[in-house]
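Quick notes on the structure that follows.
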Amino acid sequence: MDEIVVAAGTALVQAIATDGWARVRDAVAGLWRGARGTRSIEDIGSDLEVLRAEVLEARAAGDQDAEDALTGEWRSRLHRLLRADPDLAVALREVLDQVLTPALQPAEQARVQTLLGDHGQQVNIDAGNNAYTAFGDQTNIGRDQNLGRP
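Numbering of the sequence shown is given in numbering that gives the first Met the number 0, commencing with residue 0 and proceeding in unit increments.
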């Protein structure tokens, strides 16, 4: 399963239980709008409302296994969506970055970044072959970096 699907499924289950859940529902249901041969947006929206109720119930009962099962279920749904229409991966990443992750607490955001494998790190190479690596509020600058090329 792709990292984006794992991260998005995890973030969805976490974010659907927040105060911003309606925005989360609308953004995720919108992914199905462009998909061919899938269920209607209204059906997915209803499924997301059921997801919210189930997550809240699991949390109230302290049932982490139930919450983990819901995460697995939605990872599978997102996986099937992308398998049906791989071009939706870009839209899923946008929803993850712009809606799901911002709805989360900092610790949950860090977990999503870990699942994505990018850890917020960005490497840029300028015209002089200088590498600038940014990680959080730290920037490392180096010269004559070998990045897989002889």
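All residues carry an ideal CB built from backbone N, CA and C; glycine is no exception.
Looking at the structure shown, is residue i part of a helix, part of a strand, or coil, going by DSSP?
i: Arg110; result: helix
i: Pro85; result: coil
i: Gln104; result: coil
i: Gly29; result: helix
i: Ala172; result: For residue 172 there is no data in the structure shown, the boundaries of the chain being 0 and 149.
Relative to the C-alpha of residue i, which residue among the options is closest?
i: Arg51; options: Gly71, Leu11 and Asp62; result: Leu11
i: Asp49; options: Ala90, Ala102 and Glu66; result: The residue you asked about is not Asp; residue 49 is Val in the sequence shown. It is Glu66 whose Cα lies nearest to the Cα of Val49.
i: Val5; options: Arg92, Asp84, Asp18 and Gln63; result: Arg92
i: Arg32; options: Ala102, Gly116 and Leu80; result: Leu80
i: Thr17; options: Glu107, Glu41 and Gly116; result: Glu107
Taking all protein chains shown into account, do 16 or more other C-beta atoms lie within 10 angstroms of the C-beta of residue i, making it buried, or fewer, making it exposed?
i: Gln104; result: exposed
i: Val27; result: buried
i: Val23; result: buried
Between residue i and residue j, what straight-line distance do the alpha-carbon atoms span, to the nearest angstrom?
i: Val54; j: Gly8; result: 13 Å
i: Asp86; j: Ile15; result: 24 Å
i: Ala57; j: Ala68; result: 10 Å
i: Ala34; j: Ala59; result: 34 Å
i: Leu99; j: Ala83; result: 22 Å
i: Trp73; j: Thr113; result: 19 Å
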